[in-house]
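Down below is the structure, laid out as structure tokens.
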Amino acid sequence: MAETRVALVTGGTRGIGAAIVRRLAADGFAVFLSGRTDESVRTALARFAKEGLSVRGFPADARREEDQRRLVESAAREGGRLDVLVNNAGIGHFAPVDQMEPERFREVLETNLFGPFYAVRHAAPIMKKGGGGFIVNIASLAGVNAFAGGAAYNASKFALLGFSEAAMLDLRHAGVRMATVLPGSVATDWNHSHGNQDASWMLAPEDVAEAVADLVRFPDRAIASRIDLRPSRPPKK
Ligand SMILES: NC(=O)c1ccc[n+]([C@@H]2O[C@H](COP(=O)([O-])OP(=O)(O)OC[C@H]3O[C@@H](n4cnc5c(N)ncnc54)[C@H](OP(=O)(O)O)[C@@H]3O)[C@@H](O)[C@H]2O)c1
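Add 253 to the 1-based position in the sequence shown for our numbering, that's all there is to it.
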């Protein structure tokens, strides 16, 4: 019998990450997740257990290389291999550039850009040794479309897209494929906490999970390296 494939989803405690966790578990992966705190991870694992999913996870601050290293290595050790890494953990702070605190700017860049870099840096050697793997980075359409107030978030996602494309070129020869998903607005706490009340037209977290599931089951001679995922009926401007 084939060995169970192993996936790691950063920021898998809620929102889009949680939908990706559920989807990959349904597709037969042994799934590991990370979150910021012990408590958020424990709460998420208990919720998944109630749903009948045996998901494992660890707290790991995406901004800290040591946390990301320990996370990747623990998942690979406990799972016995590492086939898929989804860099999903992310935050946004939104303010006009001249009112943006440097600390907030740094936090967004460190979470959304350095976090994926650290995880890729430590996952790639493990995947290479294991004969290959797939890395999906969750960027955003904010990675190609700038908007007022988005100096930090746009910068982080534009940069993540450039990072992903370059890293994909570095790693593909070793069988490590990489792709980026650029979702438009998704109905998660994120949009509620940023004041967007009407979520009826938005993408669902499950739509992003569907894109991730499609990417990782693509025949291994091909890489669909970027998916722009748009709501079909956004409010007309
Ligand atoms: N929602 C949207 O409209 C939208 C659109 C396009 C792209 N995206 C991207 O999709 C991703 C997920 O967004 P979401 O809407 O699902 O967000 P969310 O509901 O706010 O969830 C964020 C997730 O990231 C984790 N996280 C945040 N900072 C972290 C850190 N420093 N270390 C480790 N984990 C951290 C959180 O963990 P805790 O539970 O421990 O806090 C949580 O699991 C982000 O990269 C976001 O930029 C979102």
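Note that CB positions come from ideal geometry on N, CA and C, so glycine has one too.
Just so we're clear, the structure is a prediction, and the values are computed from it rather than from any experiment.
- If you draw a 10 Å sphere on the C-beta of Ser453, you find fewer than 16 other C-beta atoms in it, and that means exposed.
- Note on geometry: alpha-carbon atoms of Ala329 and Glu463 lie some 24 Å from one another.
- Excluding residues up to 5 positions away in sequence, Ala377, Met431 lie with their Cβ nearer than 7 Å to the Cβ of Leu424 in the same chain.
- Here Glu326 has His375, Ile379 as same chain residues with Cβ atoms under 8 Å from its own Cβ, once five neighbours each way along the sequence are excluded.
- Apart from sequence neighbours up to five positions away, the residues of its chain that approach Ile391 with a beta-carbon distance below 6 Å are Asn341, Val434, ordered along the chain.
- For Phe301, there is no enclosing beta strand (DSSP E); the enclosing alpha helix (DSSP H) covers residues 291-303.
- A direct Cα-Cα distance of roughly 20 Å separates Asp467 from Gly264.
- For Pro369, the enclosing alpha helix (DSSP H) begins and ends at 368-382.
- Phe285 is a Cβ neighbour of Arg309, given a cutoff of 8 Å.
- By the Cβ neighbour-count rule, Ser307 is exposed, with fewer than 16 other Cβ atoms within 10 Å of its own.
- Collapsing the DSSP output to three states places Met431 in a strand.
- The Cβ-Cβ distance between Arg316 and Glu356 does not fall below 8 Å.
- Counting along the chain, the unbroken alpha helix (DSSP H) around Asn407 starts and ends at 404-424.
- Under the DSSP definition of a beta bridge, Gly310 partners with Leu286.
- Residue nearest to Ala302 within the set Asp280, Thr266, Asn407, Phe416 is Thr266 (criterion: CA-CA distance).
- Taking all protein chains in view, the Cβ of Lys410 is crowded by 16 or more other Cβ atoms within 10 Å, so the residue is classified as buried.
- A direct Cα-to-Cα measurement between Asp481 and Ala395 gives close to 11 Å.
- Distance from the CA atom of His346 to the CA atom of Phe358, rounded to whole angstroms, is 7 Å.
- Look at Ala440 here: in three-state DSSP terms it is coil, with no helix or strand label.
- Distance between Phe471 and Lys489, taken at the CA atoms: about 34 Å.
- For Glu292 and Ala313, the gap between their C-alpha atoms comes out near 12 Å.
- About 33 Å separates the beta carbons of Gln450 and Ala372, which is beyond the 8 Å limit, so they are not a contact pair.
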